[in-house]
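Sequence lines, in order, name chains C and R. The opening residue of the first sequence carries number 1 in this note's numbering; numbering runs sequentially from there. The opening residue of the second sequence carries number 430 in this note's numbering; numbering runs sequentially from there. Inspection log for the structure reproduced underneath, given as structure tokens.
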Amino acid sequence: MAQPMTLTEKILAAHAGKRAVSPGDIISINLDLVMANELSAAVAITEFRKIKGATRVWDADKIALVPSHFTPNKDIATATLSTLMRDFAKEQNIKHYFEVGRGGIEHVVLPENGFIGPGMTIIGGDSHTTTYGGLGAFATGVGSTDIAAAFATGEMWVRVPPSIKIVYQGSLRPFISGKDLILYTIGKIGVDGAIYAAIEFTGPTMKELPISSRFTMANMSIEAGAKNGIFQVDATAEAYCAAVGKKDYTVYHADKDAEYQQIVEIDCSKIEPQVALPWLPDNTKNASDLNDLRIHQAVIGTCTNGRIEDMRQAAEILKGRKVHPDVRVIVIPGSQKVFMQCLKEGLSEIFVEAGCVLSTPTCGPCVGGHMGVLSEGERCISTTNRNFKGRMGHVKSEVYLTSPYVAAASAVMGYIAGPEQVTQRVTVS
Amino acid sequence: MILKGTAHKYGKNVDTDVIIPGRYCNLIDPVELGKHALEDLDANFLKKVKAGDLIVADTNFGCGSSREVAAVALKGAGVAGVVAKSFARIFYRNCINTGLPIFECPEGVDGISDGDTITVDASQGLITNESTGKRFRATQFPQFMQDLIANGGLLRYAEKRLEEKRAAEA
């Protein structure tokens, strides 16, 4: 009888050619996909050149290169890094290179184009590579030297993480999505609550979540310190794979008697729209308690919440309304496909009519690069994933993390507000 | 290898955005990066730090981004090593990969104050607070990682793996 294993342990064991693995084991896993963006790729390419015996990447079809962070390039230095990545893609015959205007943000682009599937092992030169766990893959972020070694060998050494099971029960209140659930979770366990661990997102509530919400939750696993975050694969996940043309994949299931380091239970019926205040993603409060905080900017989109479902949520609040005169809103669909779908569904018109900027897909303001950097004393409510000091600009600017519903509601009100404060507002004419 | 320098002490959750802000992530040169290390956490750090000094910090040091330039920026600023109660996992790997010595030692962190002179015997993981005379031992890396470091780091390991794979195919 094989040793009971968690979902992460099963995927790792299979990719290490082992019958079973346990937390703490150091193993070498074969990689199904290695991803980098223009910042991580530049250093990875330089390091790759230093590996004796490595002139070609191990498998050009298993590498994806996506310019995203400071794209379209914000300055000469970034343009130089992007050119390095572009030239490497040509040199190595890496077809999965998503040129500016034909791609977007990596964690939105790769799933929607069928690159991600259940049971895969994926590493990326970006900490939010954990996103792909939403579709039952083992996916983790690493630094550029790890990417370089992976380019050459197609494998990576890994210390098997212990798994933490989070069980979500109860039905969701109106306007509650994956972003609220993950913010609430990080608020509960802390920014190092899952340090070095694999988070398994389980429970009856998870079955009701659309894939976009699962991507959002897995995306922010790293904000609790996790190695990876992973969902079970169900009919919803398989329908998504069929829709995006992902055919070859393996569905693993955690064994019933697998051992977990910790089991956390969350009653979702109590969760209200969440906001994480500076300076950590675990500093969470209910949005309705923050009406005294005026905002200057709202960012809606990016890798955490830049999918069509997120755009629809923001549009639902902004339709027929105007953003507050003192607020700038930057809407960032996560990919050209999402951008096009916003056009087709009439969401783009809603955003522009309301007074928002409608940006091309880019990480831009999330990482303090461009497309909405903050000055001293400014406050931004955003659907991004980090609010550390100086994250979006001046060291004395502030970022509040939340869902598209809350970001849109706050943009209308001019202060942090829950969506029901907008939808139930009585206008006195 | 013996490290010796002044301890610069910080708190919990020193994140990668304060170690090297996003606006500098279009840089790759260690010296250029080093000019901005920790500037959003401590405006005086770059004025105080001397080559060979060490950072001493609480839990979850290096949390946040996978940016390898965080480890490179600290090295570029002259930091010889980091002693912390715990390290965030991507940053931990990045330090090993870029050759920035790190030491996990909760008692050591509690027993070192900002400005103390400390020595670290890196191969033993032995930390001495020269200002108080107290000694501490850091947690050892797993054997695999000790071997990886001793044999020249990740790129040399990758070379070895390539040779092994080619030999297996031959």
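C-beta atoms are modelled at their ideal positions from N, C-alpha and C, and glycine is treated no differently.
### Query
Mind pulling the beta strand (DSSP E) runs of 3 or more residues that sit fully within the stretch 10-46 of chain C?
26-30, 33-36
**Asked** Does the beta carbon of Asp458 of chain R come closer than 8 Å to any beta carbon on chain C?
**Response** As a first step, residue 458 of chain R is located in the second sequence; it is residue number 29 there, counting from the start. So no, Asp458 of chain R is outside the interface.
- Message: Which residue wins for smallest C-alpha separation from Lys476 of chain R, given the options R:Gly463, R:Thr557, R:Thr488, R:Asp487?
- Response: Your numbering for residue 476 of chain R matches position 47 in the second sequence. Residue R:Gly463 is the option with its Cα nearest to Lys476 of chain R.
Practice problem: Could you tell me whether the Cβ of Ser429 of chain C comes closer than 8 Å to any Cβ of chain R? | Solution: Working through the first sequence from its first residue, we reach residue 429 of chain C at position 429. Low local confidence applies: a pLDDT of 39 at Ser429 of chain C is under 50, so the model's placement there is unreliable, with the coordinate-based value given in what follows. It does not; no Cβ of chain R falls within 8 Å.
Practice problem: List the residues of chain R whose Cβ lies closer than 7 Å to the Cβ of Phe481 of chain C, in chain order. | Solution: Only positions 1 to 429 of chain C appear in the structure, and residue 481 of chain C is not among them; the question remains open.
**Prompt:** Would you call Ser22 of chain C buried or exposed, if buried means 16 or more other Cβ atoms sit within 10 Å of its Cβ?
**Reply:** Position 22 of the first sequence, counted from the start, is the residue given in the question as residue 22 of chain C. When all chains shown are included, Ser22 of chain C counts as exposed.
Discussion item. Within 8 Å, do at least three Cβ pairs link the stretch 196-208 of chain C to the stretch 282-291 of chain C?
Written reply: no
Do you know offhand how far Pro530 of chain R's Cα is from Asn523 of chain R's? On the second sequence, residue 530 of chain R is found 101 positions in, with the first residue counted as 1. On the second sequence, residue 523 of chain R is found 94 positions in, with the first residue counted as 1. Between Pro530 of chain R and Asn523 of chain R, the C-alpha separation is close to 10 Å.
**Prompt:** Does the separation of the CB atoms of Leu65 of chain C and Ala42 of chain C fall below 8 Å?
**Reply:** Residue mapping note: residue 65 of chain C aligns to position 65 of the first sequence, counting from 1. Residue mapping note: residue 42 of chain C aligns to position 42 of the first sequence, counting from 1. No, Cβ-Cβ distance for Leu65 of chain C and Ala42 of chain C is not below 8 Å.
Q) Quick one: which chain C residues come within Cβ less than 7 Å of Asp469 of chain R? A) Residue 469 of chain R sits at position 40 when you count from the first residue of the second sequence. Per Cβ cutoff of 7 Å: Lys389, Gly390, Val395.
**Asked** Would you call the stretch 65-77 of chain C and the stretch 101-110 of chain C in contact, with 3 or more CB pairs under 8 Å?
**Response** yes
With distance defined between alpha-carbon atoms, name the residue in C:Ala2, C:Pro361, C:Met120 nearest to Val251 of chain C. As a position in the first sequence, residue 251 of chain C is number 251, starting the count at 1. Checked all of C:Ala2, C:Pro361, C:Met120; the closest Cα to Val251 of chain C is C:Met120.
* Note down the Cα distance separating Pro278 of chain C from Asp180 of chain C, rounded to an integer number of angstroms. => The residue labelled residue 278 of chain C in the question sits at position 278 within the first sequence. The residue labelled residue 180 of chain C in the question sits at position 180 within the first sequence. In a straight line, the C-alpha of Pro278 of chain C is about 16 Å away from that of Asp180 of chain C.
* Asked: Alpha carbon to alpha carbon, how far is Ile416 of chain C from Pro404 of chain C?
  -> Taking the first residue of the first sequence as position 1, residue 416 of chain C is located at position 416. Taking the first residue of the first sequence as position 1, residue 404 of chain C is located at position 404. Ile416 of chain C and Pro404 of chain C: Cα-Cα distance of roughly 12 Å.
Straight-line Cα distance separating Gln336 of chain C from Ser429 of chain C:
The sequence position of residue 429 of chain C within the first sequence is 429, counting from 1. The sequence position of residue 336 of chain C within the first sequence is 336, counting from 1. Interpretation of Ser429 of chain C is limited by its pLDDT of 39, a score under 50 that renders its predicted location unreliable; the figure taken from the coordinates is listed afterwards. Approximately 40 Å, taken between the alpha carbons.
Please report whether the beta-carbon of Thr304 of chain C lies at a distance below 8 Å from any beta-carbon of chain R. Taking the first residue of the first sequence as position 1, residue 304 of chain C is located at position 304. Output row for Thr304 of chain C: interface = no.
### Task
Examine chain R for any beta-carbon lying closer than 8 Å to the beta-carbon of Tyr132 of chain C, and answer yes or no.
Here residue 132 of chain C corresponds to residue number 132 of the first sequence, with the count starting at 1. By this cut-off, Tyr132 of chain C is not an interface position.
Using CA coordinates, which residue listed in C:Val395, C:Lys90, C:Thr304, C:Val299 is at the minimum distance from Phe351 of chain C?
Translated into positions along the first sequence, residue 351 of chain C becomes position 351. Closest option to Phe351 of chain C, Cα to Cα, is C:Val299.
Under the assumption that Ala77 of chain C contacts Ser144 of chain C (Cβ atoms under 8 Å), give the Cβ distance between them as a whole number of angstroms.
-> Position 77 of the first sequence, counted from the start, is the residue given in the question as residue 77 of chain C. Position 144 of the first sequence, counted from the start, is the residue given in the question as residue 144 of chain C. Their Cβ separation, rounded to whole angstroms, is 16 Å, which puts Ala77 of chain C and Ser144 of chain C out of contact at 8 Å.
Of all Cβ atoms in chain C, is any one closer than 8 Å to the Cβ of Ala579 of chain R?
Counted from its first residue, the second sequence places residue 579 of chain R at position 150. Answer no: the Cβ-Cβ gap between Ala579 of chain R and chain C never drops below 8 Å.
Margin query: For Asn580 of chain R, list the residues DSSP reports as bridge partners.
Written below: In the second sequence, counting from the first residue as 1, residue 580 of chain R sits at position 151. As DSSP reads the structure, Asn580 of chain R sits in no beta bridge.
Look up Arg321 of chain C in the DSSP assignment and say whether it is helix, strand or coil.
Stepping through the first sequence from its first residue, residue 321 of chain C is reached at position 321. Here Arg321 of chain C sits in coil by DSSP.
So, helix, strand or coil for Ile448 of chain R, using DSSP? Position 19 of the second sequence, counting from 1, holds the residue named residue 448 of chain R. Correct three-state label for Ile448 of chain R: helix.
Check: Less than 8 Å separating the beta-carbons of Asp255 of chain C and Pro4 of chain C?
Finding: For the purposes of this step, residue 255 of chain C is taken as residue 255 along the first sequence, with counting starting at 1. For the purposes of this step, residue 4 of chain C is taken as residue 4 along the first sequence, with counting starting at 1. Yes, Cβ-Cβ distance for Asp255 of chain C and Pro4 of chain C is below 8 Å.
(message) Counting beta carbon pairs with one atom in the stretch 373-383 of chain C and one in the stretch 259-271 of chain C, are three or more of them shorter than 8 Å?
(response) no
Practice prompt. Give the interface partners of Phe573 of chain R over in chain C, defined as CB-CB distance under 9 Å, in chain order.
Written response: Position 144 of the second sequence, counting from 1, holds the residue named residue 573 of chain R. Within 9 Å Cβ-Cβ: Ile26, Trp157, Arg159.
Other residues of its chain near Ala500 of chain R: CB distance less than 6 Å, five sequence neighbours each side excluded: Taking the first residue of the second sequence as position 1, residue 500 of chain R is located at position 71. Cβ neighbours of Ala500 of chain R beyond the five flanking positions: Asn523, Cys524, Thr527, Leu529.
**Cα-Cα separation, Ala2 of chain C to Ala16 of chain C** = Taking the first residue of the first sequence as position 1, residue 2 of chain C is located at position 2. Taking the first residue of the first sequence as position 1, residue 16 of chain C is located at position 16. Cα to Cα, the separation comes out at about 16 Å.
**OP:** Look up His437 of chain R in the DSSP assignment and give the residues it is bridged to.
**Re:** Within the second sequence, the letter at position 8 stands for residue 437 of chain R. His437 of chain R is bridged to R:Ile484.
In chain order, what residues of the same chain lie with their CB nearer than 7 Å to the CB of Leu209 of chain C, ignoring the 5 residues before and after it?
-> Here residue 209 of chain C refers to the residue found at position 209 when the first sequence is read from its first residue. Result list for Leu209 of chain C: Gly178, in chain order.
With distance defined between alpha-carbon atoms, name the residue in R:Val498, R:Leu483, R:Asn489 nearest to Gly125 of chain C.
On the first sequence, position 125 is the one that residue 125 of chain C refers to. With distances taken between Cα atoms, Gly125 of chain C lies closest to R:Val498.
*Touch test, the stretch 436-450 of chain R against the stretch 483-494 of chain R, Cβ-Cβ under 8 Å, three pairs minimum*: yes
Practice task
For the alpha helix (DSSP H) holding Ile211 of chain C, just list the boundary residues, first then last.
Solution key: Taking the first residue of the first sequence as 1, we reach residue 211 of chain C at position 211. That run of the alpha helix (DSSP H) goes 211-219.
Strictly below 7 Å CB to CB, what residues from chain R border Ile230 of chain C? On the first sequence, residue 230 of chain C is found 230 positions in, with the first residue counted as 1. Residues of chain R passing the Cβ test: none, with the nearest at roughly 16 Å.
Buried or exposed for Ile431 of chain R, please, with buried defined as at least 16 other CB atoms from any protein chain shown within 10 angstroms of its CB. Mapped onto the second sequence, residue 431 of chain R falls at position 2. That one is exposed.
- Along the chain, where does the beta strand (DSSP E) that runs through Lys285 of chain C open and close? The sequence position of residue 285 of chain C within the first sequence is 285, counting from 1. Looking at the DSSP string, the run of the beta strand (DSSP E) that includes Lys285 of chain C is 284-286.
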